[in-house]
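See below for the structure under consideration.
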Amino acid sequence: MAATSFLETQEGRRLAYHRTEGRGPCVVFLGGLKSDMEGTKAIFLEDWARKEGRAFLRFDYSGHGESSGSFTQGCIGDWAQDTRSVVEALTDGPIVPVGSSMGGWQALLLASSLPGRIAGLVTIAAAPDFTEDGYWATFTDTQKQQLADIGQVELPSDYMEPYVVTTRMIEDGRQQLVLRAPLDLPFPVRFLQGTADTAVSVATAVRLLEHATGPDMQLKLVKDADHRFSDGPCLDLILQAIGDVMGATE
Numbered sequence: 001m002a003a004t005s006f007l008e009t010q011e012g013r014r015l016a017y018h019r020t021e022g023r024g025p026c027v028v029f030l031g032g033l034k035s036d037m038e039g040t041k042a043i044f045l046e047d048w049a050r051k052e053g054r055a056f057l058r059f060d061y062s063g064h065g066e067s068s069g070s071f072t073q074g075c076i077g078d079w080a081q082d083t084r085s086v087v088e089a090l091t092d093g094p095i096v097p098v099g100s101s102m103g104g105w106q107a108l109l110l111a112s113s114l115p116g117r118i119a120g121l122v123t124i125a126a127a128p129d130f131t132e133d134g135y136w137a138t139f140t141d142t143q144k145q146q147l148a149d150i151g152q153v154e155l156p157s158d159y160m161e162p163y164v165v166t167t168r169m170i171e172d173g174r175q176q177l178v179l180r181a182p183l184d185l186p187f188p189v190r191f192l193q194g195t196a197d198t199a200v201s202v203a204t205a206v207r208l209l210e211h212a213t214g215p216d217m218q219l220k221l222v223k224d225a226d227h228r229f230s231d232g233p234c235l236d237l238i239l240q241a242i243g244d245v246m247g248a249t250e
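Each residue of the sequence shown is one higher than the one before, counting from 1 in the UniProt record's numbering.
This is the structure in structure tokens:
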């Protein structure tokens, strides 16, 4: 395995990444909340890219994995800055973002900020606006008061230690919402969603499909697939989705 490289951003963050050289468009994997670039999907796609001679980039947001910073100090806007920084510094020409969970939200934010760079887009259990619709909307009065009093609240996770949700994450998230304003995706888009996902609902996937506009947009529901979406058949579906959006531009 190649050594990890690092990018120093204008914001003073040190972002860890692995880049695979090859022909474009470059596939950029955007991981989920508190996940890192060593996850099953990221490594699987890197292996595929090497075998196919494709350009590929995986990285850790600040406060994640090998990158600098603390998770509890971060927010959606910081990670959007990180995403744009690595894309602008480490890729040239068209890209295909592949965003998983929170990374799906990041992919949509990237598409809004750099529309001319996007050749196609794939999301896996995309979680747009989850700080507002998944966190704030379900907080009890006690949790909301805790946020006001101490600036954070802990939420249980099915996959790891509890999530720490901060006041900054909630307030910044409101500045990054993508389902409250027009969301034009003028390139091939494939949304993937498991029906057994307990973190992101099918209703969220349908809402995203219905809200966004674009000429070539599909949602694929996979019966009994969970939020990880990382068994063999699901990984094959991710490759199929990437092939679909690339095929429309090549």
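Glycine included, every Cβ here is placed at the ideal spot set by N, Cα and C. As the structure is a computational prediction, the values presented were derived from the model and not from experiment.
- prompt: Is it the case that the Cβ atoms of Thr195 and Lys220 are separated by a distance below 7 Å?
  reply: Cβ distance not < 7 Å, so Thr195 and Lys220 don't count as in contact.
The segment 57-65 / the segment 75-92 touching (three or more Cβ pairs under 8 Å): yes
query: To which residues does DSSP link His18 through a beta bridge?
result: Arg58
field: Enclosing beta strand (DSSP E) for Val27 [first to last residue]
entry: Arg23 to Leu30
Cut-off 7 Å between Cβ atoms - residues of its own chain near Trp48, not counting five sequence neighbours on either side: For Trp48, where only same-chain residues beyond five positions count, the Cβ hits under 7 Å are Leu239.
- prompt: Thinking C-alpha only, which one of Gly53, Val153, Leu114 and Ser157 is nearest Val165?
  reply: That would be Val153, whose Cα lies nearest to the Cα of Val165.
query: At which residues does the beta strand (DSSP E) containing Ser5 begin and terminate?
result: Ser5 to Glu8
query: Residues in its own chain within less than 7 Å of His211 by CB, not counting five upstream and five downstream?
result: Leu179 and Leu183
query: Assuming Thr30 contacts Val98 under a Cβ cut-off of 8 Å, what Cβ separation, rounded to an integer in Å, is found between them?
result: For the record, residue 30 in the displayed sequence is Leu; it is not Thr. 7 Å between Cβ atoms; contact.
task: For the beta strand (DSSP E) containing Met217, list its first residue and its last residue.
output: First-last of the beta strand (DSSP E) with Met217: Met217 to Val222.
- request: Please name the residue, chosen from Leu208, Phe56, Ala127 and Ile170, that lies closest to Gln143 on a Cα-to-Cα basis.
  value: Taking only the C-alpha atoms, the option nearest Gln143 is Ile170.
field: Per-residue DSSP class, three states only, for Ser100
entry: Strand at Ser100.
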